[in-house]
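Read the structure below first, then the notes.
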Amino acid sequence: MEPPVYYSRAEFIETDTGNKVSRRATIAGPQNIILGGKTIISSGAIIRGDLRRTGPGHAVVISLGRYCLVGEGCIVRPPYKTYRGNFNYYPMKIGDHVHIGTSTIVEAATIGSHVVIGKNCVIGKFTIIKDCAQIADNTIVPPNTVIPALSLFAGSPGRFMEDLPESTQEMVEAQTKQYYTRFQPLDR
Amino acid sequence: MAPIRDKFTIHSKAIVCQDVELKGDITIGSGTIVHPKATIFAIAGAIVIGSGCIIEESAIIVNRRKEIMRIGDDNLFEIGCRVESPAIGNFNTISTRARVHHTVRIGSYCVIGAACVVVPTEEESLGDYTVFYGPASERRTWSGRGKVQEADLRHKHTEYLREMLPKFNRLRRGDGT
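First to last, the sequence lines map onto chains A and B. So the first sequence is numbered by my numbering: it starts at 4 and just counts up by one. So the second sequence is numbered by my numbering: it starts at 80 and just counts up by one.
Spelled out as C-alpha cells, the structure:
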C-alpha cells in the first residue's frame, strides 16, 4: 500500500458520513449540494450550488456519489442553456468513485461511476461521461460531447484514444477506496 | 511606484459578490455581474467595465498599462480566463481558461475559444467577429450567424444571475453607497 496523504485536522471538516470538506474550498449554496459519503473536497475547490434551476421547491444542483475526490483548485458548476425560450441552469449528477484532478473545470451534465478525470482539464457544458471512462491530463472536452463507457479521451479537442480493459471498474474502485483510507489527518 | 489607491465605483444595479478581489480604480457599469472568486486588478491605470458583462469565477482582469482599460457592454468572461488587453468592445466571449495578452485590443463580437492563448509580441487590434479556436489558437472570421440568438442567451443569462446570485451570495457595494 502507498504511503498516507496527510492533511491538517484543522483544515478539513468531517461529516457523519465521512465526507471531508476543506475549509478553504468555496461552496456556494450548500443546501443544494448532496455528497454521497466518504467524498473529499480539497482546498481551493469551487462548487457552485447556487446556480439552481428556477421553479418552486427544493432543487438539487450538484450531487456527488460516494468515494469521490474533487481536487485542489477544481471548479464544479452546473451547465446552462435556454430551453423553449427559458434560460436555466441544469443539475449535475456525478456517480460513485469519481476522481477529478487538480485545477480541472467541470461543467458536465452527467458523470457516471468509476470515472477518472486528469489534471488541468476543461469539461465543456452538457458533456455526458459514461461509466468507467477516463480523461487524460490537459484534455479540453468541447460542450455536448458524449464520452462512451470504458474509453480514454485525450487532447484538445478531446478525442477517443483507446479502449480501457474491462477490469477498469475494479481497479478504479480499489484506487478510490484506497485513496480515502490513505487520506489521514495529522495532528500538529 | 505610487501605492495603488483603491476606488470602486459600482453601479447600483450591478451585482458584485463579496468574495471578489478588487484592487485599484475600478468602475463597474449597470447590470454587470461579477461571480465570487473573480479578480480585477487595476495595477497602473483604471479599469472601466460597461454594462451587462458577466465575469465568472476565477477570471482575472488585469490592467498593467497607464491608460484606462475600457471593457464594453455584454461581454462574457468565462471561468479561469485571464485578460490584460487595454480595450475590449461589445459582445465578446472569452472562454474558459483563455489568455489574452496586453498587446491585443479586442473589437466586438469576438470569441476566444477554450484554453486559447492570444499573445502576439507586437501591438494588434482584432477586427470584429474574429474567432480564436483550437490548441494552436488558429483564427478565422465568424459569419455572424446566430448572433441574435447568442445576444438573447447572454441577455437572459444576466437577467437570471441578477435574480439568483443575491439569494445565495453576499454582495459588495461601491464606495458611494
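For every residue, glycine included, the Cβ atom is placed at its ideal position computed from N, Cα and C. Model, not experiment: these values are computed from the prediction.
Using a Cβ-Cβ cut-off of 9 angstroms, Gly108(B) is close to nothing in chain A; its nearest Cβ partner there is about 21 angstroms away.
Nearest to Arg143(B) by alpha-carbon distance, out of Gly124(B), Ser137(B), Glu157(B), is Gly124(B). In the DSSP assignment, Thr20(A) is bridged to no other residue. Taking all protein chains in view, the Cβ of Arg51(A) is crowded by 16 or more other Cβ atoms within 10 Å, so the residue is classified as buried.
Membership of Met174(A) in the alpha helix (DSSP H) is indicated by the continuous run 171–185. Under the rule that a run must span 3 or more residues, the beta strand (DSSP E) segments found entirely inside the segment 152–188 of chain B read 183–185. Residue state for Pro7(A) is assigned as coil, using DSSP reduced to three classes. Residue burial annotation: Lys246(B) is exposed, with fewer than 16 other C-beta atoms found within 10 angstroms of its C-beta.
Below the 9 angstroms Cβ cutoff, chain A contributes Ile49, Gly76, Ile78, Ile108 as neighbours of Ser137(B), in chain order. Within chain B, the residues Lys246, Phe247, Asn248 have their CB atoms less than 9 angstroms from the CB of Gly32(A), given in chain order. Judged by DSSP in its simplified three-state form, Lys235(B) adopts helix.
In this structure, Val113(B) places its C-beta atom within 7 angstroms of the C-beta atom of Ile134(B).
For Gly39(A), the enclosing beta strand (DSSP E) covers residues 36–40. With respect to chain A, the C-beta atom of Lys235(B) has a partner C-beta closer than 7 angstroms. Short of 6 angstroms from the beta carbon of Gln172(A), and not among the five residues preceding or following it, lie these beta carbons of its own chain, in chain order: His117, Cys135.
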